[in-house]
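S.K.: Pasting in a structure now, in structure tokens, and then I'll have a few things to ask.
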Amino acid sequence: MRKLISMVVISAFILAGLSTPVWSVDQTIQVKVDGMNCDMCPPAVSKALKGVEGVKSAEVSLKDGKAVVVAGEGVKTEDLIKAVEASGHFKAQIIE
Ligand SMILES: [Cu+2]
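Right under this line is the structure:
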């Protein structure tokens, strides 16, 4: 019985350890980007998004016309839109 309890306790610790990165609350934000028309556009958009403080990654697809951004908790979606639109002839919109 005591063995079982200690196993439960150990499993709880392991689970808590695994969940910690999830609690560090990164958010994944999908941004629709209109106006991308050549291979040079996605890197420009990606660079603009990564320039926003707190943004950890930004994958931009020309084909899908969208960006998938991973950002820390404090990043505001308006800032992402502003950054994209300031980087060129793009129109950005958050995909809910
Ligand atoms: Cu282009």
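Its first residue numbered 11, the sequence shown is counted upward by one per residue in the working numbering.
Glycine included, C-beta positions come from ideal geometry on N, C-alpha and C.
For the putative contact between Lys42 and Ile105, defined by C-beta atoms under 8 Å, what is the C-beta separation to the nearest angstrom?
M.R.: Confirmed, about 5 Å.
S.K.: Asp36 and Lys66 - do their beta-carbons sit closer together than 8 Å?
M.R.: In contact: Lys66 and Asp36 (Cβ atoms closer than 8 Å).
S.K.: Within its chain, find whatever has a CB closer than 6 Å to the CB of Ile70; leave out the 5 residues flanking it on each side and keep chain order.
M.R.: For clarity, residue 70 is Val in the given sequence; the question names Ile instead. Cβ within range, chain order: Pro52, Val55, Ser56 and Ala77.
S.K.: Would you mind listing the alpha helix (DSSP H) stretches within the segment 44-86 that are 4+ residues and don't spill past its ends, in chain order?
M.R.: If we require 4 residues or more, the alpha helix (DSSP H) runs fully inside the segment 44-86 come out as 51-60.
S.K.: Where does Val41 sit, in a helix, a strand or coil, going by DSSP?
M.R.: Val41: strand per DSSP, three-state reduction.
S.K.: Measure the alpha-carbon distance for Ala96 versus Leu90 and round it to whole angstroms.
M.R.: So the two alpha carbons sit approximately 10 Å from each other.
S.K.: Rounded to the nearest angstrom, what separates Asn47 and Leu72 at their Cα positions?
M.R.: Each residue's Cα considered, the two are about 7 Å apart.
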